[in-house]
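Heads up, the thing below is written out as structure tokens.
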């Protein structure tokens, strides 16, 4: 049985418990104490905090959407709102790029969908080798709270697929809170954007799938 | 990440069909709310919200010697701060050009419009006058800070009260305001800034729309009399575009004026 | 200690002014909050952890906490010339020191956490209101914290210990005059900030800190409610 409640730093979530202290909590004298503002998910086995807010903290394997900030001799510097700028090497691109041809592939200000393939002290390395990655052409970009990304994607993509089906748009959700939408008309793209913002705003509620389905019926003119 | 170029392109494309993302018309302002008396140590103050844009303006009075060439006129100074609290883009530090321009454009709009009765600020000719300070702080930037600040300045000035002042000792008693308002004429100088996106003109942009704009012109007017204009940013505007900006500013003025009248008590 | 000392506004010796808090007042910020104590109003906005510029100032071992305390020009009776002052620079540092002990800055090496505090209206106790607002804003921004921090001015008027001096009391001239003792504490009673301005002996000071601890607990309740009800104005303390 899981129980959820909003907790603040320093708050004692449970006492005399055998549950393990999950992410953003510590255990002291049998008490589990929160170390972050968020939603505590409490079960008999594990207590962890689901963040409601906070800057994006990148993880290896994350898909992110960013902007080309600068071009180096061997790659592009990409800003994805992370702790630091990411680096996309010209060796991590699916075609051959000549040392003088970087700007033709992507110039400063272009947006790109990339995957974080490595993170170390030297920096964050990106790749656009896989399918679905690469420079973004057209469409529009919505910025959301990165902590709401799981809700926007939904269980096994159910939520994002619902938006795709209802608007006919392609959607790519970056873990860093940037969502790219491309559809056959601006109206459809704006509808999808509004749907994404609706989910972000109501993410704390249960019954979100019913709410969004109803919302589409009301708004899909 | 500041301006997202894909979004700017999309905004311009949509505007070409006469539409804005939030459904507004080109001359339409967002929901405007004005609250006065929000900072009690000020002689007058106002907080203005235009959509999610949020600014606070305060009026303070102090005495000083008049300028030699205007011995019976008061002094006036407008200052603005793009507070780093209001946007991830603003940094702390000495004022840079954007905020300096911000303050100066609003200053001229208020100064040139005949709003302030300069002689009314005179205490003793040649010796002592009131200096009227209008200070603007931004609290949240979602576009069009300039116009929001201008509305705040008028609201703060119209509701301000002079502090008690002892002519003999020259001491100002701020703790005991009088019932006397500032010496103002019956004009309402409102600054409306028109922005060019693609080759269309709009007013009251959101932050995203403002990023997509390539040029802007601020028109300070009162009842159809234009007393200050400033065109800014790098792109040129055709004469038609300037004409359209003037038309839009005129339409927007009427709505903002009505709002101001209703909301200032 | 004078037992029948009467405070100017009729408050009890250990009674704080009415307090209020609201979280989430600045949409652009990662975290934001307002804290009010009597007529003193402080706003705080937090951006971060984010990339630290300039690069040269980055600390490779941990995040940098950068607090900027500012009183807006019209927050007081005599207009303050806009811009930083020596006082605001000192209080900015005091605020950093008041909050750093509960942060885990090693989790974000090389990054920066920017905290901006604006005092909108001042009636004494501004640095304490600023710290209270900043602590809520930092929590709201999802930044890991061991505990919350609460801050209050303890003090002495002539020979009597009191809590939460207002401006009129700070200007009090009788007898030994006023002693102002701003204190910040964690929920578990650890002192993260302590200053003093006046005249006091060590027993009285220890007592004043104890009084501050009780007041901080009340403040903590309001900070907690505000965080649990984002967007709602929460009022507390005695009315």
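Chains as they are written, first to last, in this note's numbering: chain A, 263 to 483; chain B, 25 to 289; chain C, -9 to 229.
All C-beta atoms, glycine included, are put in the ideal place defined by N, C-alpha and C.
#1: Quick one: does residue 17 of chain B have its CB under 8 Å from some CB of chain C?
#2: Helix, strand or coil: which one does DSSP assign to residue 53 of chain B?
#3: If contact means a Cβ-Cβ distance below 9 Å, which residues of the stretch 233 to 254 of chain B contact chain A?
#4: Going by alpha carbons, who is nearest to residue 286 of chain B out of B:179, B:233 and B:200?
#5: Quick one: complete alpha helix (DSSP H) runs, 4+ long, within the stretch 250 to 280 of chain B?
#6: Shortest alpha-carbon distance to residue 96 of chain C belongs to which of C:206, C:64 and C:133?
#7: Taking Cβ positions, are residue 230 of chain C and residue 169 of chain C nearer each other than 8 Å?
#8: Within the chosen definition, does the stretch 133 to 145 of chain C reach the stretch 285 to 300 of chain A through at least 3 CB pairs nearer than 8 Å?
#9: Determine, using beta-carbon pairs with one atom in the stretch 50 to 62 of chain C and one in the stretch 197 to 207 of chain B, whether at least three such pairs fall under 8 Å.
#10: Could you name the residues of the stretch 2 to 21 of chain C whose beta carbon sits closer than 8 Å to any beta carbon of chain A, in the order they occur along the chain?
#11: Check whether chain A comes within 8 Å of residue 119 of chain C, counting only Cβ atoms and requiring the distance to be less than that.
#12: Is it a yes or a no for the stretch 420 to 434 of chain A touching the stretch 307 to 324 of chain A, going by three-plus beta-carbon pairs under 8 Å?
#13: Between the alpha carbons of residue 12 of chain C and residue 214 of chain C, how many angstroms are there, rounded?
#14: Using 8 Å as the threshold, is the C-beta distance between residue 272 of chain B and residue 241 of chain B below it?
#15: Residue 91 of chain B by DSSP, collapsed to three states: which one?
#16: So if I threshold CB-CB distances at 8 Å, which residues from the stretch 79 to 100 of chain C count as touching chain A?
#17: CA-CA distance, residue 292 of chain B and residue 151 of chain C?
#18: Could you name the residues of chain C that residue 456 of chain A contacts, counting a contact when the two beta carbons are closer than 8 Å?
#19: Could you tell me the distance, in whole angstroms, from the CA atom of residue 104 of chain B to the CA atom of residue 29 of chain C?
#20: Have a look at residue 471 of chain A and residue 20 of chain C and give me their C-alpha separation to the nearest angstrom.
#21: Pull up the distance between the alpha-carbon of residue 454 of chain A and that of residue 22 of chain C, whole angstroms please.
#22: Looking at the structure shown, is residue -4 of chain C part of a helix, part of a strand, or coil, going by DSSP?
#23: Measure the CB-CB distance between residue 452 of chain A and residue 327 of chain A and report whether it falls below 8 Å.
#24: Looking at chain D, which residues of the stretch 274 to 286 of chain A have a Cβ within less than 9 Å of any of its Cβ atoms?
#25: At a Cβ threshold of 8 Å, is residue 216 of chain C touching chain B?
#26: Mapping the DSSP letters down to three states, classify residue 108 of chain C as helix, strand or coil.
#27: Starting from residue 476 of chain A, trace the alpha helix (DSSP H) both ways and give me its first and last residue.
#28: So, for residue 261 of chain B: in the same chain, excluding its five sequence neighbours on each side, which residues have a beta-carbon less than 8 Å away from its beta-carbon?
#29: For residue 60 of chain B, tell me which candidate among B:176, B:188 and B:251 has the shortest Cα-Cα distance.
#30: Verify whether the separation of the beta carbon atoms of residue 110 of chain C and residue 65 of chain C is less than 8 Å.
#31: Where do the N-terminal and C-terminal ends of the beta strand (DSSP E) with residue 152 of chain B fall, by residue?
#32: Would residue 35 of chain C pass as a contact of residue 24 of chain C if the rule is Cβ separation under 8 Å?
#33: Over the uninterrupted alpha helix (DSSP H) stretch that includes residue 427 of chain A, give me the two end residues.
#34: Counting only C-beta atoms, is residue 300 of chain A closer than 8 Å to chain C at any point?
#35: Could you check which residue in A:299, A:301 and A:282 has the C-alpha nearest to that of residue 293 of chain A?
#36: Can you list the residues of chain A that residue 131 of chain C reaches, using a CB-CB cut of under 9 Å?
Reading it off the structure:
#1: There is simply no residue 17 of chain B to check, as chain B begins at 25 and stops at 289 in what is shown.
#2: Taking the first residue of the second chain as 1, we reach residue 53 of chain B at position 29. It is coil, neither helix nor strand.
#3: none
#4: One-based indexing of the second chain puts residue 286 of chain B at position 262. Among B:179, B:233 and B:200, the Cα nearest to that of residue 286 of chain B belongs to B:179.
#5: none
#6: Here residue 96 of chain C corresponds to residue number 106 of the third chain, with the count starting at 1. That would be C:133, whose Cα lies nearest to the Cα of residue 96 of chain C.
#7: Residue coverage of chain C in this structure runs from -9 to 229, which leaves residue 230 of chain C outside it and unanswerable.
#8: yes
#9: no
#10: 20 and 21
#11: Numbered from 1 along the third chain, position 129 holds the residue referred to as residue 119 of chain C. It does not; no Cβ of chain A falls within 8 Å.
#12: no
#13: Here residue 12 of chain C refers to the residue found at position 22 of the third chain. Here residue 214 of chain C refers to the residue found at position 224 of the third chain. Each residue's alpha carbon lies about 10 Å from the other.
#14: Residue 272 of chain B sits at position 248 when you count from the first residue of the second chain. Residue 241 of chain B sits at position 217 when you count from the first residue of the second chain. Their beta carbons are not under 8 Å apart, which means residue 272 of chain B does not touch residue 241 of chain B by this criterion.
#15: Against the second chain, residue 91 of chain B aligns to sequence position 67. Note: residue 91 of chain B maps to coil in three-state DSSP.
#16: 92, 94, 98 and 100
#17: For chain B, the structure presents residues 25 to 289; residue 292 of chain B sits outside this window and is missing.
#18: What you label residue 456 of chain A is simply residue 194 of the first chain in a count that begins at 1. The contacting residues do not exist; residue 456 of chain A stays about 17 Å from chain C at best.
#19: In the second chain, residue 104 of chain B corresponds to position 80, counting from 1. In the third chain, residue 29 of chain C corresponds to position 39, counting from 1. Distance between the alpha carbons of residue 104 of chain B and residue 29 of chain C is about 24 Å.
#20: Mapped onto the first chain, residue 471 of chain A falls at position 209. Mapped onto the third chain, residue 20 of chain C falls at position 30. Between residue 471 of chain A and residue 20 of chain C, the C-alpha separation is close to 27 Å.
#21: One-based indexing of the first chain puts residue 454 of chain A at position 192. One-based indexing of the third chain puts residue 22 of chain C at position 32. Their Cα atoms are separated by approximately 29 Å.
#22: Taking the first residue of the third chain as 1, we reach residue -4 of chain C at position 6. In the structure shown, residue -4 of chain C sits in coil (DSSP, three-state: anything other than H, G, I, E or B).
#23: In the first chain, the residue the question calls residue 452 of chain A occupies position 190. In the first chain, the residue the question calls residue 327 of chain A occupies position 65. Going by C-beta atoms, residue 452 of chain A is not nearer than 8 Å to residue 327 of chain A.
#24: Annotation note: the requested chain D is absent from the structure, which comprises protein chains A, B and C.
#25: One-based indexing of the third chain puts residue 216 of chain C at position 226. Taking Cβ atoms only, chain B never reaches closer than 8 Å to residue 216 of chain C, which makes this a no.
#26: Sequence index remark: in the third chain, residue 108 of chain C carries index 118 (1-based). Strand at residue 108 of chain C.
#27: As a working note, residue 476 of chain A is residue 214 in the first chain. Looking at the DSSP string, the run of the alpha helix (DSSP H) that includes residue 476 of chain A is 470 to 481.
#28: For the purposes of this step, residue 261 of chain B is taken as residue 237 along the second chain, with counting starting at 1. Cβ within range, chain order: 220, 239, 241, 255 and 269.
#29: For the purposes of this step, residue 60 of chain B is taken as the residue at position 36 of the second chain. With distances taken between Cα atoms, residue 60 of chain B lies closest to B:176.
#30: Taking the third chain and counting its residues from 1, the one referred to as residue 110 of chain C is at position 120. Taking the third chain and counting its residues from 1, the one referred to as residue 65 of chain C is at position 75. Taking 8 Å as the Cβ cut-off, residue 110 of chain C and residue 65 of chain C qualify as a contacting pair.
#31: Taking the first residue of the second chain as 1, we reach residue 152 of chain B at position 128. Residues 152 to 164.
#32: Start at 1 with the first residue of the third chain, and residue 35 of chain C comes out as number 45. Start at 1 with the first residue of the third chain, and residue 24 of chain C comes out as number 34. No; because the gap between Cβ atoms is not below 8 Å, this pair is not in contact.
#33: Position 165 of the first chain holds residue 427 of chain A. Taken as a continuous stretch (DSSP letters only), the alpha helix (DSSP H) holding residue 427 of chain A covers 420 to 429.
#34: Position 38 of the first chain, counted from the start, is the residue given in the question as residue 300 of chain A. At least one chain C Cβ lies under 8 Å of residue 300 of chain A.
#35: Within the first chain, numbered from 1, the residue matching residue 293 of chain A stands at position 31. The residue with the shortest Cα to Cα distance from residue 293 of chain A is A:282.
#36: On the third chain, residue 131 of chain C is found 141 positions in, with the first residue counted as 1. Under the 9 Å cutoff, chain A gives 299, 315, 316 and 317.
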